[in-house]
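Residues in the sequence shown are numbered from 120 upward in steps of one, following the numbering used here. Step one of this worksheet: look at the structure below.
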Amino acid sequence: MRSILQWLKLPLAPQPVDELPSLRSHLIALRDVEGSAEQRALALDGLYRRSSTVIDSLLPALSIDLVLPVPRKERRIVRSVLDLLQMLADESSALFEKGMPPKNADPCRAPDLALWRSLDALARQLMISHLIASPPRAGVWQQLHQTYATAQHLQLHTARPQGVERSLQEVYHAAVLLGCAQPASLTPREVLFLASYFERFCRHVEAVPNGSLRAPGVFWIDPLRDLPAVASLRKPAQAEGQGSGFSSAAICLLLKAQIDQLGHGASPQELNLPDFAGTTAGRGVLQRLATRWGDAGRRRFHRRRQNHRTLLAAGIDGLWQLCRKSEGVNVDLSTWMITNESPEGYAVMHVSGKPGALTVGDVVTVRTAVDPNWQICLVRWAISENPEHLELGLQVLAPKALPATLALPSGDGGTDLRRVLILPEIPKLRSRQALIVAAGVVPRDSRKLLLVIEGQNLIVREVNRTCVDEETGSVEILSIEPDQNPG
């Protein structure tokens with residue numbers, strides 16, 4: 120015990136990742152060493168604080184330029200962090216179960232703090248699993264639900280332990296809301312953004328009696344099952360009085376108001392939003408979340424299981440080359456297996472070839488053996504259980520696209536040329552043509568756009584941007600129509 124307490128006084132290693140083995144070994148040793156209850160609580164307090172500092176310093180590296188599937192080296196670091204968080208959650212729970220401390224005891228032994236730290240470690244573990252697009256380890260959701268149920272039973276769930284900024288209820292609700300946001304459909308930066316967003320606004324969650332659970336934006340939780348909250352319209356509660364429910368209606372109204380204010384020029388700081396809300400990807404994820412929680416959440420088409428192959432290319436530049444059908448085109452292609460499909464899209468699993476720097480929100484094109492055209496798709500979700508495994512959910516945007524060049528005025532008085540794709544009108548789906556451009560290329564106040572289309576003849580088109588259909592961290596999809604008053 121003395122050696123653990125002495126080690127905690129040492130400065131942190133220059134590289135945070137070098138701290139992980141020592142933290143884990145000291146937590147393992149803490150289970151077996153002798154010492155008083157006060158000493159054990161003091162040692163666990165120091166290990167928890169040091170672990171939090173190390174993990175906080177590692178998170179930015181996990182959210183910047185993370186490519187799926189996550190390489191082995193980075194995945195080993197993540198696994199070490201997840202193991203450390205699980206140990207912290209278990210040790211904090213064990214400290215709580217040893218009984219209530221006497222009056223005027225060390226604050227480190229406070230029962231609400233022990234439960235809070237267990238909840239916080241489990242919530243962080245879930246969030247990091249979302250970052251790497253990997254399913255959480257078995258039992259984490261169930262442990263989170265049951266720890267919070269214990270806090271509710273003891274009427275500690277609204278308590279804010281000494282030295283922390285959020286109550287147990289706020290920690291729990293933020294973790295549950297992130298699980299309801301379909302984290303597989305988010306990039307790592309979007310996961311961190313929504314985690315921060317829910318920390319600030321999770322108090323808008325509204326409890327719902329179990330009898331009225333079937334409504335849009337309503338979720339229910341079964342604390343006995345190892346699952347996140349489930350939308351009531353997709354899978355209703357199995358029995359009356361089973362679990363608990365909550366509504367996201369108030370958060371949806373807040374989201375829509377914030378999106379409207381951002382669109383009218385308000386800054387994220389004025390709205391108490393993270394800075395990421397001022398970016399294209401930030402606005403896009405807020406809009407998707409408001410839409411997703413505001414509808415019924417049912418599929419329009421049934422999915423059919425398949426097992427045939429398809430070729431896939433990623434990125435606007437690669438798609439632009441393939442759509443031009445130029446001779447000698449050198450585009451990286453990878454082979455994937457279609458595991459199921461519907462009229463709206465595919466679920467595909469990587470088989471061979473380099474998939475490239477894929478992430479949620481990227482535009483890709485696929486071609487099957489039965490269709491000579493390259494279909495234009497948007498990556499809606501991604502799952503990667505290990506470095507050799509990658510699955511994607513693809514939404515079909517159009518059966519084909521027309522390559523074009525967008526001419527934009529540059530800051531030095533010249534012209535900036537950007538490769539873009541024109542999507543055709545599709546009856547009952549899209550009444551106008553659409554334009555796929557890289558995120559952030561077109562200024563938000565630009566309405567008139569100049570397109571150059573190369574074919575047998577060179578065609579110059581002036582179009583008006585009518586609205587933004589989709590914003591992700593990689594691309595923007597703009598509705599366009601012919602300019603009635605060309606210059």
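Idealized CB from N, CA, C, for every residue including glycine. Note that the structure is predicted; figures quoted are calculated from it, not measured.
Distance from ILE495 to ALA303 at the Cβ level is roughly 21 Å; contact not present, criterion being Cβ atoms closer than 8 Å.
PRO518 counts as exposed, since fewer than 16 other C-beta atoms from the protein chains shown sit within 10 angstroms of its C-beta. Residue environment: PRO328 is assigned as exposed (fewer than 16 neighbouring CB atoms within 10 Å of its CB, all protein chains considered). Straight-line measurement puts the Cα of LEU392 at about 20 Å from the Cα of ARG243. A direct Cα-Cα distance of roughly 6 Å separates GLY336 from GLY413.
When DSSP states are grouped into helix, strand and coil, MET120 belongs to the coil group. Cβ-Cβ separation between LEU570 and ARG580: approximately 5 Å, consistent with a contact (criterion under 8 Å). Each of ALA233, LEU250, GLY282 was checked against the Cα of TYR267, and the nearest Cα belongs to ALA233. Secondary structure of LEU430 (DSSP, three-state): strand.
Here the stretch 396-409 makes no contact with the stretch 423-430; the two share fewer than three CB pairs at distances below 8 Å. In this model, LEU131 and GLU573 are separated by some 59 Å (Cα to Cα).
For LEU181, the closest alpha carbon among the candidates GLY282, LEU207, ALA368, ALA252 is that of ALA252. Here GLN494 is bridged, per DSSP, to VAL485.
Considered as a whole, the stretch 333-421 harbours 337-340, 363-366 as its complete beta strand (DSSP E) runs of no fewer than 3 residues, in chain order. Per DSSP, LEU241 is one residue of the alpha helix (DSSP H) stretching across 230-250. Assigned with DSSP and collapsed to three states, ALA526 falls in strand.
At the C-beta level, VAL483 and LEU438 come within 9 Å of one another.
The residues LEU430, TRP493, in chain order, have a CB closer than 6 Å to that of ARG486 in the same chain once the five nearest residues on each side in sequence are set aside. THR269 is classed as buried because its beta carbon has at least 16 other beta carbons within 10 Å across all chains shown.
When the beta-carbon positions are compared, ASP436 and ARG566 stay at least 9 Å from each other. The continuous beta strand (DSSP E) containing VAL556 extends over residues 552-557. Nearest to LEU161 by C-alpha distance, out of PRO528, ILE545, LEU238, LEU214, is LEU214. Burial of THR399 is indicated by the presence of at least 16 other C-beta atoms within 10 angstroms of its C-beta. For HIS264, the uninterrupted alpha helix (DSSP H) run begins and ends at 259-272, by DSSP. By a beta-carbon distance limit of 8 Å, PHE317 does not contact LEU287. Their separation comes to about 15 Å. DSSP places PRO601 in the strand class (E or B) of the three-state scheme. The beta carbon of GLY464 lies closer than 6 Å to those of LEU513, GLN514, VAL515 in the same chain, with the five residues before and after it left out. The secondary-structure analysis by DSSP pairs GLY512 across a beta bridge with ALA466, TRP500.
Inter-residue distance for ARG584 and LEU568 is about 7 Å (C-alpha atoms, whole angstroms).
Straight-line spacing of the CA atoms in GLN261 and VAL200 works out to 20 Å. Nearest in C-alpha terms to PRO190, of all of ALA520, PRO506, GLU600, LEU540, is PRO506. Excluding five sequence positions before and after LEU441, the CB atoms of its chain that fall closer than 8 Å to its own CB belong to ALA432, VAL448, VAL450, THR484, TRP493, given in chain order. Residue burial annotation: HIS508 is exposed, with fewer than 16 other C-beta atoms found within 10 angstroms of its C-beta. With contacts defined as CB atoms closer than 9 Å, TYR167 and SER122 fail to qualify as a contacting pair.
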